[in-house]
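One structure below.
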Amino acid sequence: MRVMNKVIACPHCGHHQDVSIDASCGDQDYYDDCRICCNPIHLRLHIDELRRTVELYIDSDDEQIY
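Start counting the sequence shown at 174; every next residue gets the next number (my numbering).
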């Protein structure tokens with residue numbers, strides 16, 4: 174199990190908070206609520222085995238497509 178702790182900023186209110194990332198399960202797509210404003214934060218985790226990196230994408234998931 175490869176668990177990492179990272180500090181992220183909420184895309185809604187900007188509050189910094191710690192999140193635990195389990196990189197042993199491969200690519201992931203999940204939501205976590207902000208501890209301050211309680212809005213959902215969309216987290217996408219991508220494991221790049223070739224470059225041996227973990228990429229974490231964070232958004233508010235409220236972008237509209239026209």
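By construction, the Cβ of each residue, glycine as well, lies at the ideal position given by its N, Cα and C atoms.
query, result
"Distance CB(H215)-CB(I231) smaller than 9 Å", "yes"
"Close Cβ partners of D206 (< 8 Å) along its chain, the five nearest in sequence each way excluded", "N212, P213, I214"
"Inter-residue spacing [alpha-carbon to alpha-carbon] between C210 and C183", "9 Å"
"One or two residues paired with S193 in a DSSP bridge", "N178"
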